[in-house]
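What follows is a single structure, written as structure tokens, with notes after it.
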Amino acid sequence: MATYILRRLLWLPILLFFVSLITFALGVYGPGDPIQVLLGLRASPETIERLRREYGFDQPFHIQYLNYVVNALQGNFGYSLVKYRDQPVGVLIAEALPVTIQLNLVAIVMGVGIGVPLGLLAGLKRGTWIDLVIRALVIAGISLPIIFLNPVLTFIFSRRHEIILTALNLKFSIGPLLPMVQGYWEGIFSAKVILPAFIESLGIIAVMTRQMRAGMIEVLSADYIRTARAKGLRERVVIVRHAMRNALIPIATILGLMLGGLVAGSFLVENWFGIPGVGQLAFDALLSRDYYITMALVLLIAVAYVLSNLLVDILYGVLDPRIRKAT
Amino acid sequence: MTTRTRLRSSSRVRLVRRFLANPPAVLGALVIFLMVIAAIFAPWIAPYAYDAQKLDYIEKPPSAAHWFGTDGLGRDMFSRIVWGARSAVFVIVMVTLVSLTIGVPLGALAGYLEGWVDTLIMRLADILFAFPGLLFVFFISATIKPGVTNWARASGLSELANSGYLDYAVVILALGVVGWAGLARLVRAQVLSIKQREYVLAARALGVPTRRIITRHILPNALTPIIVAMSMSLGDIALSEGYLSFLGIGLQPPAPSWGNIIAENAGRYWRQFPQMIWLVFIPGLVLATVVFAFNFFGDGLNEALNPEIEK
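Chains as they are written, first to last, in the working numbering: chain A, 5 to 331; chain B, 68 to 378.
Structure below.
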């Protein structure tokens, strides 16, 4: 196991080298000069030339890349070139990252809290209409485009709703269910977090429900469940103590994989709800060719991805002794 | 030969029967069929051109003349949505072709040859996986777009460069370049297990060349999971195209794409009550229905091809 972990960790720098090289090449050879974006169309060629030299863009590619790597290894990931003029990338990310992590944590809690019970229910009531409805809901959840959910849900939840009961001659209105102002982030203890986090959690709910359902179906047909039932254990004990625990193992794995995704913000959600997180930062950087920011973010997410994969493999061995023995 | 064909056709009949027994999957297939029809016959189905403006007739609700109303520029929403089906189908088909032509040969080579070829290809896939999903697609399409445009201008194809067709090429390239990796992994895993079978060993013992073993003996037997994976990814491609266009990196207006139709209207109309229904809700619902249909279709195909999974 130790050599396995070591081998995987050794792969990390190699992966980072390639990821950084690709991103850097895309940035340098990519569209538009950040200098051009910065100075606008009317800048004189002399000014452009001077700034290019100042930022080191006139040097050959490998020198630029080497400089970048040397600086990055010292913790300096460059400066914002355009939008957040001359602010260190590290600072910008340090500001955006907590926001995205908080939002994603809420989304994961929602996803697990809704998805696992749904999957459990679907697995237990397999083949019945409950199962059918839950599965249809899950497919609906992953099919509804975020670009559709954003405006529609915002519309529904931020409006005053009038409920008219004609028969009773009653008419009353309820205020907006989630009073929210776009372009505003108040942290996770505000009602405003519910909608964006819910939209982000839909994918998680789908994965959790599917996995939990499949897990329950598989586990319930196992021999030890039959043994437990034959022993005369109560059905609740069989399900909670014997079946559910085993069905939860893959859920833990998926959760581990999601930890890597914690640092990756969703552009679509963050952009719509005006949440100043990583997704928003990446989107701004991408559009204004601010490639030091994009590079640092891509590297960050790549590291998180690799580490969370590794964590999952280790976790798997811890949770399931059978696997530990095998490796 | 005759017994073989008969066997095949009877298994095909059973497959179709199993698929038809699954109502959501059939419904999905029907929606996909309608979409393809709309895509092919868009010029005849759409009552107006997708970019025809009636400046004295803007933001009008659905009526007999304009089934889905008109947008802020007086364009017929129904026509735009029908033409949008053409964009979507075109992108889905091309992206699938691109990722198949890259992913299947690479995956098969990796699985069959193993050794350093396997390591090289799979590490390459790993690197692609390490890039954060859509971010990479955005990055690539934002990066290659000016290059492709300049290339077209330089080669005297400035007509093409200005037409918006290049946007399609950029979207397809970006999604295809990212899409092959998952497919390659799948094909590799299949090939690894199939090549241990006796009939492959027999073929190798008979001296059948490697290429022929892969294309005639291994790949046909790995087809089922490939088909299932592809059908499951079709909805994702439609979504990604929508997202790219939404963010202004994909197809550019006035080219009709469901993503940019929603994008154009969502920010402006989401809080205006009646207008948002036909300007945001309907196009969004169309995109959602199609993705829904692809997912049901994929699920149904999966169950029909692998009956032992569910039963």
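The beta carbon of each residue, even a glycine, is placed where N, CA and C say it ideally should be.
For residue i, three-class secondary structure by DSSP
| i | result |
| --- | --- |
| PRO92 of chain A | strand |
| PRO185 of chain B | Checking the sequence shown, residue 185 of chain B turns out to be Asp, not Pro. It is helical. |
| TYR117 of chain B | coil |
| ARG122 of chain B | First, the residue type needs correcting, since residue 122 of chain B is Leu and not Arg in the sequence shown. Correct three-state label for LEU122 of chain B: coil. |
| LEU148 of chain A | coil |
| GLU314 of chain B | Correcting the residue type first, residue 314 of chain B is Leu in the shown sequence and not Glu. Looking at LEU314 of chain B - three-state DSSP - the assignment turns out to be coil, as it is neither helix nor strand. |
| GLU377 of chain B | Bear in mind that a pLDDT of 46 at GLU377 of chain B, under 50, signals an unreliable position, so the model cannot answer this. |
| ALA155 of chain B | helix |
| GLY351 of chain B | helix |
| ASN369 of chain B | helix |
| ILE192 of chain A | coil |
| ALA296 of chain B | helix |
| PHE61 of chain A | coil |
| ILE104 of chain B | helix |
| GLY119 of chain A | helix |
| LYS127 of chain B | coil |
| ILE279 of chain A | coil |
| PRO323 of chain B | coil |
| PRO276 of chain B | coil |
| LYS129 of chain A | coil |
| THR227 of chain A | This sequence places Asp at residue 227 of chain A; Thr is not what is there. ASP227 of chain A: helix per DSSP, three-state reduction. |
| TRP337 of chain B | coil |
| VAL267 of chain A | coil |
| ASP294 of chain A | coil |
| ARG54 of chain A | helix |
| GLN257 of chain B | helix |
| PHE159 of chain A | helix |
| SER222 of chain B | coil |
| ASN89 of chain B | coil |
7 Å Cβ cutoff met for residue i and residue j
| i | j | result |
| --- | --- | --- |
| VAL244 of chain A | ALA232 of chain A | no |
| LEU346 of chain B | TYR336 of chain B | yes |
| SER292 of chain A | LYS87 of chain A | yes |
| ALA92 of chain B | PHE100 of chain B | no |
| GLY302 of chain B | ARG255 of chain B | no |
| LEU263 of chain A | ALA355 of chain B | no |
| GLY326 of chain B | GLY309 of chain B | yes |
| LEU253 of chain B | PRO292 of chain B | yes |
| ALA192 of chain B | ALA289 of chain B | no |
| GLY123 of chain A | ILE221 of chain A | no |
| TYR309 of chain A | ALA197 of chain B | yes |
| ARG153 of chain B | ALA106 of chain B | yes |
Contact belief for residue i with residue j at Cβ below 8 Å, rounded distance in angstroms
| i | j | result |
| --- | --- | --- |
| LEU107 of chain A | LEU42 of chain A | About 30 Å; that fails the 8 Å criterion. |
| LEU125 of chain A | ILE134 of chain A | 6 Å |
| VAL120 of chain A | MET216 of chain A | 5 Å |
| ALA330 of chain B | SER312 of chain B | 6 Å |
| ALA144 of chain A | PHE359 of chain B | 7 Å |
| GLY317 of chain B | VAL258 of chain B | Going by Cβ atoms, the distance from GLY317 of chain B to VAL258 of chain B rounds to 34 Å, so no, they are not a contact pair. |
| VAL149 of chain B | ALA109 of chain B | 5 Å |
| ILE208 of chain A | ILE112 of chain A | 6 Å |
| LEU157 of chain A | LEU109 of chain A | 20 Å between Cβ atoms; not a contact. |
DSSP bridge partner residues for residue i (one or two, in chain order)
| i | result |
| --- | --- |
| ASP143 of chain B | B:THR137 |
| LEU304 of chain A | Answer by DSSP bridge pairing: none, since LEU304 of chain A is not bridged. |
| TYR83 of chain A | A:PRO92 |
Identity of the residue in the options nearest residue i by Cα
| i | options | result |
| --- | --- | --- |
| VAL103 of chain A | A:PHE161, A:SER270, A:THR132 and A:MET299 | A:SER270 |
| ASP138 of chain B | B:ALA371, B:ALA360, B:PRO323 and B:PHE364 | B:PRO323 |
| ASN75 of chain A | A:ARG89, A:ILE52, A:GLY94 and A:ASP62 | A:GLY94 |
| ILE21 of chain B | B:ASN332, B:ALA241 and B:ASN369 | The structure shown has nothing for residue 21 of chain B, since chain B only spans 68 to 378. |
| LEU349 of chain B | B:TRP111, B:VAL358, B:PHE135 and B:ASP118 | Sequence check: residue 349 of chain B is Ile here, not Leu. For the residues B:TRP111, B:VAL358, B:PHE135 and B:ASP118, the minimum Cα distance to ILE349 of chain B belongs to B:PHE135. |
| ASP118 of chain B | B:PRO321, B:SER77, B:ASP366 and B:ILE281 | B:PRO321 |
| VAL244 of chain B | B:SER166, B:GLU181 and B:ILE159 | B:SER166 |
| ILE26 of chain A | A:ALA300, A:PRO155 and A:VAL322 | A:ALA300 |
| ARG130 of chain A | A:THR213, A:ILE208 and A:LEU14 | A:THR213 |
| PHE203 of chain B | B:GLY141, B:PRO276, B:ALA270 and B:VAL238 | B:VAL238 |
| LEU368 of chain B | B:LEU311, B:MET299, B:ILE304 and B:ILE344 | B:MET299 |
| VAL171 of chain B | B:MET297, B:LEU372, B:ARG153 and B:ASN373 | B:MET297 |
| GLY315 of chain B | B:MET343, B:SER208 and B:TYR266 | B:SER208 |
| PHE28 of chain A | A:VAL156, A:ALA226, A:HIS66 and A:ALA256 | A:HIS66 |
| GLN91 of chain A | A:ILE105, A:ILE9, A:LEU303 and A:ILE297 | A:ILE297 |
| GLY246 of chain B | B:ALA305, B:THR277, B:LYS262 and B:THR282 | B:ALA305 |
| ILE344 of chain B | B:PRO129, B:VAL80, B:ASP143 and B:ARG279 | B:PRO129 |
| PHE61 of chain A | A:TYR33, A:VAL267, A:ARG46 and A:ILE318 | A:TYR33 |
| ILE105 of chain A | A:ILE112, A:GLN63 and A:LEU266 | A:LEU266 |
| PRO95 of chain B | B:PRO276, B:ASP366 and B:LEU164 | Note on identity: in this sequence residue 95 of chain B is Gly, with Pro being the wrong assignment. Cα-wise, what sits closest to GLY95 of chain B is B:ASP366. |
| TYR295 of chain A | A:GLY281, A:LEU153, A:LEU174 and A:TYR69 | A:TYR69 |
Near the ligand ZN: residue i beta-carbon under 6 Å from a heavy atom
| i | result |
| --- | --- |
| SER154 of chain B | The ligand ZN is not part of the structure shown, which contains no ligands of any sort. |
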